[in-house]
Amino acid sequence: MKLTAWGAQALLAASVLATNPVHAAGDAAAGKKVFTKCMACHDMAVDKNKIGPSLHGVIGRTAGTLPSFEAKYSDAMKQAGAGGLVWDEANIAAYMKMPKEKVPGNKMAFAGLKDDTDIANVIAYIEEMSK
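Structure (structure tokens):
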């Protein structure tokens with residue numbers, strides 16, 4: 001069987017995704033504990049904004065577009081959304097890990113979560129609380 005360049009890239013991507021804990025199912029209960037680091041600025045209630053926007057329903061949302069927070073987003077976040085940034089699990093994970101690199105010029109003061117398991121768990125918590 002001949003493996004094309006595209007096929008090899010797809011195989012490599014699939015193997016990386018399968019072994020990366022950020023993309024593995026997280027533990028929502030553990031994520032709730034880690035989320036306490038986020039609670040000073042974010043809430044999980046619908047449209048309950050703080051310094052940062054509510055994270056309820058963030059997965060699948062275009063960056064910088066929560067109507068109840070639109071006036072407060074940084075220009076960088078609005079531009080990221082206009083450029084096509086959608087908060088899927090991979091983008092949220094990258095943003096949680098290095099927010100200033102994922103969206104340069106954003107207003108979030110938090111330096112990021114370094115542990116991939118913590119990130120996966122917070123994502124699981126956000127998903128659970130957004131149901």
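Take the sequence shown: its letters are residues 1 to 131, numbered as in full-length UniProt numbering.
Using N, Cα and C, we set each Cβ at its ideal position, and we do this for glycine too.
Following the continuous alpha helix (DSSP H) through residue i, name the residue where it begins and the one where it ends.
i	result
Gly81	Asp75 to Ala82
Asn121	Asp116 to Met129
Pro99	Pro99 to Lys102
Gly29	Checking the sequence, you will find Ala at residue 29 rather than Gly. Where Ala29 is concerned, the enclosing alpha helix (DSSP H) stretches over Ala28 to Val34.
Assuming residue i contacts residue j (C-beta within less than 8 Å), just tell me the rounded distance between them.
i	j	result
Asp27	Ala124	6 Å
Ser74	Asn49	Contact flag wrong, Cβ pair sits at about 14 Å.
Give a yes or no on whether the C-beta atoms belonging to residue i and residue j are separated by under 8 Å.
i	j	result
Gly31	Thr62	no
Asn121	Val34	yes
Ala76	Val46	no
Met96	Leu113	yes
Assign residue i to one of three DSSP states: helix, strand, or coil.
i	result
Val86	strand
Thr62	strand
Ala94	helix
Ser68	helix
Hey, is residue i's beta-carbon within less than 8 Å of any beta-carbon in chain C?
i	result
Gly60	In the structure shown, chain C cannot be found, because there is only a single protein chain.
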